[in-house]
Amino acid sequence: MNMIVLMTAAGAPLAMLGLSTPVAPQRNCIFIVHPQITSAVFESKEGKIVFPDRPTEHPCSYTKTKGGADIIFTNQNGWRFEVRVGRGDEGRWKASLADNAVTGRAFSPFGDGK
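The opening position of the sequence shown corresponds to residue 4 in the working numbering, with each subsequent residue numbered one higher.
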C-alpha cells in the first residue's frame, strides 16, 4: 500500500496519505490535498486537523495484519492518526488529541501489493 485516500465521515474527499517505499515496519508518510476537495471540507474540523500547516513528512508505523494493514503516526500538532484498511481495500481513519477525536472513511485505490 503506497497511497490511502481519506474522506470525511460523510464521504467527502479530504486527503491522500502517501507512504514511502519499500514496505517496512517504519515508513514515512505525508498528506496530500485530494484533487476533489472543496473549500468547505478544507476549512472543516477534519481539514484543519489533517492540514494544520505546511505539508510535513511523518514517521509512521506500517503493520500488515491478517485483516489488512494498520498505519499509525502523530502529526506536527500532536494529533495521533490511526488508519486501518481491510482486505477489501476499505477501512476507517481516526485522529485523536486528548479528549477530541474525528473519524472518517479510508480506502486504498491500488490495493495492497498491487
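Even glycine gets a Cβ: it sits at the ideal position worked out from N, Cα and C. Small disclaimer: the values here were computed from a predicted structure and weren't measured.
Query: Pick from V44, K69, G89 and R83: whose alpha carbon is nearest that of F113?; Result: G89
Query: Can you round the beta-carbon distance between V105 and K48 to whole angstroms, since I take them to be within the 8 Å contact cut?; Result: 6 Å
Query: I'd like to know whether the C-beta atoms of R30 and C63 end up nearer to each other than 9 Å.; Result: yes
Query: In angstroms with no decimal places, state the Cα-to-Cα distance between D102 and I35.; Result: 26 Å
Query: In the structure shown, what three-state DSSP assignment does A98 receive?; Result: strand
Query: Taking the continuous alpha helix (DSSP H) assigned at E49, which residues delimit it?; Result: K48 to V53
Query: Which whole-angstrom value describes the C-beta separation of H37 and A18, a residue pair presumed to lie in contact below a C-beta threshold of 8 Å?; Result: 5 Å
Query: Give me, in chain order, the residues of the same chain whose beta-carbon lies closer than 6 Å to that of P55; leave out the 5 immediate sequence neighbours on both sides.; Result: N80
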